Structures are given as C-alpha cells and as structure tokens.
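Enquirer: Each residue of the sequence shown is one higher than the one before, starting from 685 at the first, in the working numbering.
We put the CB at the ideal spot given by N, CA and C, even for glycine.
None of the values given here were measured: they were computed from a predicted structure.
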Amino acid sequence: MKSKLIVALDVDSYERAAALVKDLRDAVEVFKVGSILFTRVGPKIVDFINEQRRKCFLDLKFHDIPNTVAKAVESAAALNVFMLTVHASGGEEMLRAAAQTIPGRPAILGVTVLTSVGGNVQKEVLRLAKLAQQCGLSGVVTSPQEIGLIRKAVGEKLLIVTPGIRPSWAETGDQKRVMTPAEAIAAGADYIVVGRPIIAAQHPAAAALRVSTDMASAER
Numbered sequence: 685m686k687s688k689l690i691v692a693l694d695v696d697s698y699e700r701a702a703a704l705v706k707d708l709r710d711a712v713e714v715f716k717v718g719s720i721l722f723t724r725v726g727p728k729i730v731d732f733i734n735e736q737r738r739k740c741f742l743d744l745k746f747h748d749i750p751n752t753v754a755k756a757v758e759s760a761a762a763l764n765v766f767m768l769t770v771h772a773s774g775g776e777e778m779l780r781a782a783a784q785t786i787p788g789r790p791a792i793l794g795v796t797v798l799t800s801v802g803g804n805v806q807k808e809v810l811r812l813a814k815l816a817q818q819c820g821l822s823g824v825v826t827s828p829q830e831i832g833l834i835r836k837a838v839g840e841k842l843l844i845v846t847p848g849i850r851p852s853w854a855e856t857g858d859q860k861r862v863m864t865p866a867e868a869i870a871a872g873a874d875y876i877v878v879g880r881p882i883i884a885a886q887h888p889a890a891a892a893l894r895v896s897t898d899m900a901s902a903e904r
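1. Check whether the Cβ atoms of leucine 689 and alanine 871 lie closer than 8 Å to each other.
2. What is the DSSP secondary structure of valine 714, reduced to helix, strand or coil?
3. Determine whether the beta carbon atoms of leucine 693 and valine 717 lie at a separation below 8 Å.
4. Helix or strand or just coil, what does DSSP make of isoleucine 876?
5. Nearest to valine 824 by CA position, among Pro847, Ala885, Asn804 and Ala889, is which residue?
6. DSSP three-state call for aspartate 696: helix, strand or coil?
7. Go through the stretch 709 to 767 residue by residue and report every complete run of the beta strand (DSSP E) that reaches 3 residues or more, in order.
8. Which residue marks the beginning of the alpha helix (DSSP H) containing alanine 900, and which one marks its end?
9. Work out the CA separation of alanine 756 and glutamate 699 for me, nearest whole Å.
10. Runs of 3 residues minimum, wholly inside the stretch 802 to 869: which ones carry the beta strand (DSSP E) assignment?
11. Would DSSP call isoleucine 882 helix, strand or coil?
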C-alpha cells in the first residue's frame, strides 16, 4: 500500500535537503519541495529526489495569467514531478489552462485557503474545491478541518492533500487549522504533509516512523 506521508523539505540548502532524503528514503515515498528550497537550489533537488527513486511534490503555488501558469506547469512536468500546486483563487481560466497543459501528468492540486489563516473559511474552501474539480484539477490542498466538508460535496475522486498536520507531541507553530496525522487520515485525507516535526527532530527517521504509526492507527 502506498505511503500517505509527504515530508516537507523546508530547509534552505541542497546539502541539508539531500541528507534528509537519504535518511528518510526507506520510510517516505514523497518529498515536498517548496519555494524556499527551490528558489535557493533550483531543479537539482528535484533531480536528486528522482534519482533516489522517490517522488517530488513541487509546491510553488503558481498564480499568474493563464498562459504563464500553463508554461510553468509544462516546465514542472519536464522535471518529472509527481504533483504540483497552483492557487485555486487564480480563477477558472487559469485553472483550466493548468489542467489542460499535460492532462493527468503531473497531478495538479489547487491550493484553497492557507492553513495559517484562521477564522471561518469553510465557505471559501468549499467554493475553491468545487472550482478546482470543475476545471479538471486532480485535487486540492486544504487544512484537515475541511476534509469532511469537501468529501461530502465532491466525493472520493478528488485528491486531498493536507498540510497543517501536527502530531500530539509537536508544537503547533504558525499553523491554525490543525489535526493529528491519525485524525486527518480518519477524516479522508489522501496524503498528509509534515515538515518541522520530522525534519527538526533529533532523529528524523524515528519521527517519521512515529507519524506513520499514528496514521496507521486510523487505517485499521
């Protein structure tokens, strides 16, 4: 069975990122590369992840005019990334341009409302999730607190990737709409994204195992 854990490589050097991938490769199938790491080191970290026979989730949240986003998606696909993100708030024309660039490869996810945003955001999250589905995206990125709402509205086919995951033994930090790994899986997440609780741990591989064990408790 595929692993539902994505580890966020939220570091600022190639050496640190590569060391984490090597350390975690036996426990983790997918690694997220975001704007901090990609801006600093570029595509070579994506190449390294692929060379390690692991998958890259390129989380750059493209948000621009439709033609520019389509070209960005094309460039990311050329890097053989597994998944990538666009901002669902970019609107219908932009989302359709992204989805139609290279249908089905890679999986394109629409970012709904960032997990650092508090308050009553459910209505906007649901609107953006429906828009992403209507425009042909593979899935959405949303906080764990909106998973059930989205599943009820759009069904099981839409991928849901969930940041804002904090194990019970980790600090919440700047995340506001959070759940534990087990809670997110039980709610219906296809993948959960965990960064600091794993990569900042004294023993990242052991921390990843703790997260996986927590996730497994919800899958029994």
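Expert: So, from the listed chains and residues:
1. no
2. strand
3. yes
4. strand
5. Pro847
6. coil
7. 714 to 718 and 739 to 746
8. 888 to 901
9. 26 Å
10. 823 to 825 and 843 to 846
11. helix
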